[in-house]
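S.K.: Let me begin by handing over the structure; questions about it come next.
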Ligand code: GLN
């Protein structure tokens, strides 16, 4: 009731929630109360959560930020949603996002931009901007997000939260509307590392319904939270700590590193020689996969259908022209182009090679250090319109985060101070399956 009240009061300004259903939320809360009364409560029983509107949720409208799915009611639960329900988490509503998760500012949503609660003239980041703003404005204690190139970590940084992108294959993608399937991964967004660990415990784990889900034993991601940091080796990639970083951001990172040294960590220089190619490689691979994934929105099976058309082809064309926004169309055009005959070798294959080189760089660096630290974003939350007219500027917002998705490894962003009253984040990257370690390191700092 507290959160529903706060949503009623603040959401008209923040625009984080796009769909609410208080009756369903209250029914789930009541069921959780009964579980608690029976003495069967787990750590998350009765805790409200906001789901990014990319997750299918049975009986709830699921828009993915697009006009294409404006009236789509999901007929089943995504595995993430299902497992959250089983853990007793209470769904509060669906939160806003960039259309089909394409963006870094939430300005591409068909349902209007989300405002950053720290300064409502600024963006919350994206694409999980609704998730981040909802938690930062205390409209929800926690939220789910998805991260294809930074969409959990970047909004977490710009809104002062902790957000974790797990190793690829850790969280089931079943029922999560696909953007770039080889990069997409869901994860938790919450105030602290401890919260993120508890949430990940609830929804991670093998799922036969996702062919890329990893068959590993369930683990407790909170198991190492209290481990001291003495002897921890933090790698600082020289490519990220050169002279061209934003001075205030780099100063905040240096201050956090000083804290880490006090906690017993040492810092060493490492190198990621191919990382400068990551944005270029990503903006070939992600649009290529997106152009294929989004072909299902044809006006026939589900979603928007243009009201007037002359024949089948005209119906396809008009439904897609009217149902998709500008950024989504740009991605489909780029993706179709790089996959087309004659260009495939020049672009797509080259990008896949760079992807391998980047993964190799991380492997080599993790022979010298336990985790890698960097800024999460090149600066704090920017003003609406500041980058939306220039796609390349917008794409460069992901410069620190994108390499991680290409390599498939886990990374998180945690708050590390404020710059002119706005939060900034530090990114910690680890080798495959080091989520518990990243959460441990962050917990010790927090
Ligand atoms: N900002 C990046 C993009 O627009 C990443 C998005 C994401 O991680 N979903 O593609």
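Residue numbers (our numbering): 201 to 646. Built from N, CA and C at the ideal position, the CB exists for glycine as well. This one's a predicted model, so the numbers in the text were calculated from it and none came from an experiment.
1. Taking the C-alpha atoms as reference points, what is the distance between residue 276 and residue 256?
2. State whether the region 598 to 607 contacts the region 546 to 565, with contact taken as three or more CB pairs (one from each stretch) at a distance under 8 Å.
3. Does the beta-carbon of residue 486, which I'm using as the reference point, lie nearer than 8 Å to any heavy atom of the ligand COA?
4. Since residue 450 is in the alpha helix (DSSP H), which residue starts that stretch and which ends it?
5. Measuring only from the beta carbon, is residue 605 closer than 8 Å to any heavy atom that is part of the ligand GLN?
6. DSSP three-state call for residue 572: helix, strand or coil?
7. I want to know whether the region 455 to 471 touches the region 582 to 593 - three or more CB-CB distances under 8 Å.
8. How many Å lie between residue 629 and residue 234 at the Cα?
9. Helix, strand or coil: how does DSSP classify residue 252 here?
10. Assign residue 625 to one of three DSSP states: helix, strand, or coil.
11. Would you identify the three-state DSSP class for residue 605, choosing helix, strand or coil?
12. For residue 385, count neighbouring C-beta atoms within 10 Å of its own C-beta (all shown protein chains included) and say buried if the count is 16 or more, exposed if not.
13. Look at the alpha carbon of residue 502 and the alpha carbon of residue 365, and state the distance between them as a whole number of angstroms.
14. Quick one: is residue 354 buried, meaning 16 or more other Cβ sit within 10 Å of its Cβ, or exposed?
15. Quick check: the Cα distance between residue 321 and residue 340, rounded to an integer number of angstroms?
16. So within the region 514 to 599, which uninterrupted beta strand (DSSP E) runs reach at least 3 residues, ignoring any that extend past its ends?
17. Excluding five sequence neighbours on each side, which residues of the same chain lie with their C-beta closer than 8 Å to the C-beta of residue 617?
18. Taking DSSP as the reference, what is the three-state secondary structure of residue 150?
19. State yes or no: is the C-beta of residue 348 nearer than 8 Å to some heavy atom of the ligand GLN?
20. Taking just the CA atoms, how far does residue 577 sit from residue 220?
21. Report the residue ranges of all beta strand (DSSP E) runs contained in full by the region 260 to 308; include only those spanning at least 3 residues, in chain order.
22. Using alpha carbons as the reference points, say which of 480, 401, 362 lies closest to residue 391.
23. So, using beta-carbon positions, are residue 300 and residue 528 closer together than 9 Å?
24. Taking DSSP as the reference, what is the three-state secondary structure of residue 415?
25. The ligand GLN heavy atoms versus the CB of residue 593: any closer than 8 Å?
26. Please report the distance separating the alpha-carbon of residue 207 from that of residue 239.
27. Measure the beta-carbon distance from residue 344 to residue 247 and round it to whole angstroms, keeping in mind my assumption that it falls under 8 Å.
M.R.: Quick look at the numbers:
1. Straight-line spacing of the CA atoms in residue 276 and residue 256 works out to 6 Å.
2. Touching, per the Cβ criterion.
3. Ligands displayed in this structure: the ligand GLN; the ligand COA is not among them.
4. Residue 450 -> alpha helix (DSSP H) spans 447 to 462.
5. Yes, the ligand GLN has a heavy atom inside 8 Å of this Cβ.
6. Residue 572 falls in the strand class under three-state DSSP.
7. Taking a cut-off of 8 Å on C-beta distances, the region 455 to 471 does not touch the region 582 to 593, as fewer than three cross pairs fall below it.
8. When rounded, the distance between both Cα atoms is 40 Å.
9. Reduced to three states, the DSSP call for residue 252 is strand.
10. Residue state for residue 625 is assigned as strand, using DSSP reduced to three classes.
11. The answer is helix: DSSP assigns residue 605 an H, G or I state.
12. Buried.
13. Cα to Cα, residue 502 sits roughly 30 Å from residue 365.
14. So residue 354 ends up on the buried side.
15. Residue 321 and residue 340 have their C-alpha atoms spaced approximately 21 Å apart.
16. List check, beta strand (DSSP E) in window: 571 to 575.
17. Same-chain partners within the cutoff: 452, 455, 456, 623, 624.
18. Given a span of 201 to 646 for the chain in the structure shown, any question on residue 150 remains unanswerable.
19. At least one heavy atom of the ligand GLN is nearer than 8 Å to the Cβ of residue 348, so yes.
20. One Cα belongs to residue 220, the other to residue 577, and the distance between them is close to 31 Å.
21. Taking only runs of at least 3 residues, the beta strand (DSSP E) segments lying wholly in the region 260 to 308 are 290 to 295.
22. It is 362 whose Cα lies nearest to the Cα of residue 391.
23. In contact: residue 300 and residue 528 (Cβ atoms closer than 9 Å).
24. Residue 415: coil per DSSP, three-state reduction.
25. Closer than 8 Å to some heavy atom of the ligand GLN: that does not describe the Cβ of residue 593.
26. Linking residue 207 to residue 239 through their CA atoms gives a straight-line distance of about 30 Å.
27. Between residue 247 and residue 344 the Cβ distance is about 13 Å, and since that is not below 8 Å, they are no contact.
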